[in-house]
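For reference, the structure is listed below as structure tokens.
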Amino acid sequence: MGLDEKQEIEQWARRIKASDEDAFSELFHRLYPRMVKFSWRYTRTKTTAKDIVQESFVKLWEVRSTIDPQKSLLAYLFQIVRNRSLNHLRDTPSDQPSIDDISEEVLKSELSSPEITSENNEAGKKMLRWIEALPGRQREAIRLSRFEGLDHEEIAYVMDISPRTVNNHIVSALNTLRDEWNTYKSEQP
Amino acid sequence: MNEKNKLTTQEKEELDTLFEKAKKAGRKQSVHVSDGEAENDYQKIKPRLKQAKDTSFSYRKYAAAAILLLGLIALAFALTPNRVNVPNGTTQAVHLADGTTVTLNSGSSLSYPRWFNIWERTVSLEGEAFFEVTKSGQPFTVETENARITVMGTAFNVRTWSAEANHKTSVFLKEGKVSLTSKAKQRKTTILKPGEMSSVYGNKAVPTQPKQVDSSKATAWMQNGLAFDNQPLSEIFAEISRRYDVEIRTDNQRLLDETLTIYISGMKGAEQTLADICKVKNLEYAKNDDIFTISR
């Protein structure tokens, strides 16, 4: 996430706080696809993810007067979506994948995905597998850091843990990934 | 973290590249939301935005409303004047916050704001009252329906019965200095000297020329007396009714217009007072409980 987007979101935060519906619409259109993808990582159902994200945006609008433009609105949105996604998993009967099952599900979907095998992105595919094989909280932290562009403080806010713990998770994750990568390289001809 | 576990710069760079490749690979197997879908879903939630009460804010709104309500109650209280109504058959002395004493004749009423003596000294009078005004930096004002009396510190009598025909406000000055102003459009002011009396008649702009009157007669009611100077019997009977809380009737309306000048000192009682008047005017009266019927 570039600095420009950060500033842009901060501007939207100010306007939304002042009940500017146009700003809210702009924010929605910018972040909705990304949030649906994020929620889908937990729920694995597109319609469920969309419902959760829509509710999250309505919630954001309802509490707009409490928005602090100095704080990350993006992290705030991620937090709402994450909590609601986890609540959904908790409250939904077990035919839905639980958060610990996700890595297996993803592995299968990746292996069976024709686009990935057709593109010669063996390393990227491997990397995804290693990330999904990480323990749950490490996986969440590394994803928010590397795929969603949040800084450690924002991740701490989203995951409701201390920035120090975030750092530990990320360092552990990076070490694991480094080891996997080194092992993989040594196996190559 | 163990030292040997620390990532080298080269390893960091390699991992950065791997994350970029993973992102690319991940994009392919994640869900995709098109712009059209986003717009469609926005239209779904849009109606809910309008009705979405800003819940976090409503507490502040309630608090503000509560404070406003308390303020309005306080304001209503502050704007509601104090009012003293004196029943017929009695007189009453009212002591105001500035030390002024107002003695109210029977059936009179006095009202004054709750902020009396804070930034003004203004009272309203209907009926008759004798004022002994304490001197202060602020002027003291008596409002009647058709006149305004302004003084600094003084003793004076005001008589203003709006029910009387050709309603007038009469001011008698005992000591000090007062100004009497009509409330008519082209208002005029008269300054009274001690012992003088002046009146504003109805909507007339100019108060009558002040003239010297007998102080004991002008304030006779203060000593339970009655003094009438060429006044119609209607006014005289009304005064007696109030003073003694009796009812006076007559079948002969014309005699109510006859005038009379009479001074009755001290408290004589309703019957003796009416007997004296009837004697002078050659009238008769019949008494039934507290009802007197006058005839010729």
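Just so you know, the sequences run in chain order U and B. Heads up, the first sequence is in the numbering used here, so the first residue is -13 and it goes up one at a time. Heads up, the second sequence is in the numbering used here, so the first residue is 321 and it goes up one at a time. Ideal Cβ positions, reconstructed from N, Cα and C, are used throughout, including at glycine.
Under the three-state reduction of DSSP, which class applies to residue i: helix, strand or coil?
| i | result |
| --- | --- |
| Ala417/B | coil |
| Leu603/B | coil |
| Ala504/B | coil |
| Ala396/B | helix |
| Ala475/B | strand |
| Ser426/B | coil |
| Asn572/B | coil |
| Ser519/B | strand |
| Arg434/B | coil |
| Gly545/B | coil |
| Val287/B | Outside the shown range of chain B, which is 321 to 616, sits residue 287/B, and nothing can be said about it. |
| Phe133/U | coil |
| Ser561/B | helix |
| Thr454/B | coil |
| Gln176/U | This structure cannot settle anything about residue 176/U, because the visible part of chain U is limited to -13 through 175. |
| Ile147/U | coil |
| Val67/U | helix |
| Val491/B | strand |
| Gly122/U | helix |
| Asn402/B | strand |
| Val157/U | helix |
| Ala467/B | strand |
Quick one: what's got a C-beta closer than 8 angstroms to residue i's C-beta in the same chain, skipping five residues either side?
| i | result |
| --- | --- |
| Phe397/B | Arg434 |
| Cys598/B | Glu604, Tyr605 and Ile614 |
| Lys366/B | none |
| Gly473/B | Val453, Thr454, Lys455, Ser456, Phe460 and Gly496 |
| Leu424/B | Val404, Val406, Thr411, Gln412, Ala413, Val414, Leu430, Gly447, Glu448 and Ala449 |
| Lys326/B | none |
Could you confirm whether any beta carbon from chain B is found closer than 8 angstroms to the beta carbon of residue i?
| i | result |
| --- | --- |
| Phe64/U | no |
| Trp249/U | Not covered by the structure: residue 249/U. The range shown for chain U is -13 to 175. |
| Tyr28/U | no |
| Glu7/U | yes |
| Asn161/U | yes |
| Gln40/U | yes |
| Lys23/U | yes |
| Gly110/U | yes |
| Ala119/U | no |
| Val44/U | yes |
| Ser11/U | yes |
| Pro149/U | no |
| Ala4/U | no |
| Ala127/U | no |
| Arg1/U | no |
Let me know if residue i comes out buried or exposed under the rule of 16 or more other beta-carbons within 10 Å of its beta-carbon.
| i | result |
| --- | --- |
| Tyr583/B | exposed |
| Pro407/B | exposed |
| Arg129/U | buried |
| Ala384/B | exposed |
| Val566/B | buried |
| Leu399/B | exposed |
| Ile184/U | This structure cannot settle anything about residue 184/U, because the visible part of chain U is limited to -13 through 175. |
| Arg562/B | buried |
| Ile117/U | buried |
| Arg616/B | exposed |
| Ala540/B | buried |
Under 6 angstroms Cβ to Cβ from residue i, same chain only, skipping five residues before and after it: list those, please.
| i | result |
| --- | --- |
| Leu512/B | Leu493, Val498, Ser518 and Pro530 |
| Glu555/B | Glu484 |
| Val533/B | Met517 |
| Thr613/B | Arg569 and Ala606 |
| Asn262/B | Any property of residue 262/B remains undetermined from this structure, which presents chain B solely from 321 to 616. |
| Thr528/B | Ser518 and Ser519 |
Any Cβ of chain U within less than 8 angstroms of the Cβ of residue i?
| i | result |
| --- | --- |
| Leu395/B | no |
| Ala385/B | no |
| Tyr362/B | yes |
| Gly356/B | no |
| Glu333/B | no |
| Lys381/B | no |
| Gly391/B | no |
| Asn325/B | yes |
| Ala504/B | no |
Residues in the same chain with beta-carbon distance under 7 angstroms from residue i, minus the five sequence neighbours each way, listed in chain order, please.
| i | result |
| --- | --- |
| Ala467/B | Thr489, Leu500, Thr501, Ser502, Lys503 and Val520 |
| Ser25/U | Ala35, Ile38, Val39, Val67 and Ser71 |
| Met587/B | Asn544 |
| His415/B | Thr421 |
| Leu120/U | Ile128, Ala159 and Thr162 |
Taking one C-beta from the segment 424 to 444 of chain B and one from the segment 576 to 595 of chain B each time, how about it: are there three or more such pairs within less than 8 angstroms?
no
The segment 416 to 426 of chain B touching the segment 378 to 385 of chain B, judged by at least three CB pairs closer than 8 angstroms:
no
Is the segment 51 to 64 of chain U touching the segment 13 to 24 of chain U, taking contact as three or more C-beta pairs under 8 angstroms?
yes
Taking contact to mean 3 or more Cβ pairs, one atom from each stretch, closer than 8 angstroms, check whether the segment 119 to 128 of chain U and the segment 142 to 157 of chain U are in contact.
yes
Are there three or more Cβ pairs, one per stretch, closer than 8 angstroms when the segment 365 to 372 of chain B is compared with the segment 345 to 355 of chain B?
no
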